[in-house]
Amino acid sequence: AQKVTQAQTEISVVEKEDVTLDCVYETRDTTYYLFWYKQPPSGELVFLIRRNSFDEQNEISGRYSWNFQKSTSSFNFTITASQVVDSAVYFCALSEAMNYGGATNKLIFGTGTLLAVQP
Amino acid sequence: KAGVTQTPRYLIKTRGQQVTLSCSPISGHRSVSWYQQTPGQGLQFLFEYFSETQRNKGNFPGRFSGRQFSNSRSEMNVSTLELGDSALYLCASSFTGRDEQYFGPGTRLTVT
Chain A
18 AQKVTQAQTE ISVVEKEDVT LDCVYETRDT TYYLFWYKQP PSGELVFLIR
68 RNSFDEQNEI SGRYSWNFQK STSSFNFTIT ASQVVDSAVY FCALSEAMNY
118 GGATNKLIFG TGTLLAVQP
Chain B
2 KAGVTQTPRY LIKTRGQQVT LSCSPISGHR SVSWYQQTPG QGLQFLFEYF
52 SETQRNKGNF PGRFSGRQFS NSRSEMNVST LELGDSALYL CASSFTGRDE
102 QYFGPGTRLT VT
């Protein structure tokens, strides 16, 4: 069965600190997709990144970076020089893949990590 | 480009009643998925519609149903409401249903 584990329930940091959010997943599929979403207090899930199982290259987008390691089934997310606006719940998610590629829309979410950035 | 919109944003219903939630996807998107978010169960997939057909379904009882119209707008219906149905219901749209999903602000349903 597919499963996503975010062991960190809450993290509190002071502004400008770097912070890493952990995500460990389980799947029997050889092709799958991993996602990160941000949920600010307003409730709307904001898409951050999608990565397929064949692309293990790390990715950097501004202050955000992602480290995908298939060997440990982990897809960790690092925020560099955190800011108060980064305060939110962050979800890691996994989706099944279709036989011909592409992801299904059935996302399996982790329980989320609440990040609080103090000024 | 307008994002995903959901109406109403807040709803209070009584046990036993039924409720209909609406979702308008991003223009051009043909896939709409629904998720339920509760403190106890987290985010759970309900179903996905693509071109007016249900393409995928989560593990929810038959009281939860949905449909999609020719303009890709989708509605979700919950009949015989139970207290445990109190949740944030999120709708997400994507172009093909095989790419990134963009979520709406959600409808917060409270069942009393």
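So the protein sequences, as listed, match chains A and B. Per the working numbering, residue 18 is the first one in the first sequence, and the count goes up by one each step. Per the working numbering, residue 2 is the first one in the second sequence, and the count goes up by one each step. By construction, the Cβ of each residue, glycine as well, lies at the ideal position given by its N, Cα and C atoms. These figures come from a predicted structure and were not determined experimentally.
Amino acids of chain A, ordered along the chain, whose beta-carbon sits closer than 8 Å to that of asparagine 57 of chain B = Residue mapping note: residue 57 of chain B aligns to position 56 of the second sequence, counting from 1. Chain A residues near asparagine 57 of chain B: Thr121, Asn122 and Lys123.
Indicate whether proline 26 of chain B and serine 59 of chain A have their beta-carbon atoms separated by less than 8 Å.
-> Locating residue 26 of chain B in the second sequence gives position 25, counting from the first residue. Locating residue 59 of chain A in the first sequence gives position 42, counting from the first residue. Not closer than 8 Å, so no.
Where in the stretch 13-51 of chain B do unbroken runs of the beta strand (DSSP E), each at least 3 residues long, occur, reported from the N-terminal end onward?
-> 20-25, 32-39 and 43-51
Select from A/Val106, A/Gln86 and A/Phe108 the residue whose C-alpha is nearest the C-alpha of serine 70 of chain A.
-> Here residue 70 of chain A refers to the residue found at position 53 when the first sequence is read from its first residue. Selected option, being the one with the closest Cα: A/Gln86.
Taking a cut of 8 Å between CB atoms, which residues from the stretch 59-80 of chain A lie near chain B?
-> Ser59, Gly60, Glu61, Leu62, Val63, Phe64 and Arg67
Kindly confirm or deny that the stretch 67-77 of chain B and the stretch 37-53 of chain B touch, where touching means at least three C-beta pairs closer than 8 Å.
-> yes
Below-8 Å beta-carbon distance, phenylalanine 126 of chain A vs any chain B residue | By one-based count along the first sequence, residue 126 of chain A stands at place 109. Interface residue, yes.
Figure out for me which residue from A/Asn75, A/Tyr50 and A/Glu34 has the closest Cα to the Cα of threonine 97 of chain A.
-> In the first sequence, residue 97 of chain A corresponds to position 80, counting from 1. Among A/Asn75, A/Tyr50 and A/Glu34, the Cα nearest to that of threonine 97 of chain A is on A/Glu34.
On the DSSP bridge assignment, give the partners of serine 67 of chain B in chain order.
-> Your numbering for residue 67 of chain B matches position 66 in the second sequence. In the sequence as presented, serine is not what sits at residue 67 of chain B; that position holds glycine. Partner(s): B/Met77.
Could you confirm whether any beta carbon from chain B is found closer than 8 Å to the beta carbon of phenylalanine 17 of chain A?
-> Outside the displayed range of chain A (18 to 136) lies residue 17 of chain A, so it cannot be described from this structure.
Should the stretch 102-110 of chain A be regarded as contacting the stretch 127-134 of chain A, the criterion being three or more beta carbon pairs within less than 8 Å?
-> yes
Is there a Cβ from chain D that is less than 8 Å from the Cβ of glutamine 102 of chain B?
-> Absent here is chain D; the protein component of the structure consists of chains A and B.
Kindly indicate which three-state DSSP category lysine 87 of chain A falls into: helix, strand or coil?
-> Taking the first residue of the first sequence as 1, we reach residue 87 of chain A at position 70. Helix at lysine 87 of chain A.
Is there contact here, the stretch 82-97 of chain B with the stretch 16-30 of chain B, by at least three beta-carbon pairs under 8 Å?
-> yes
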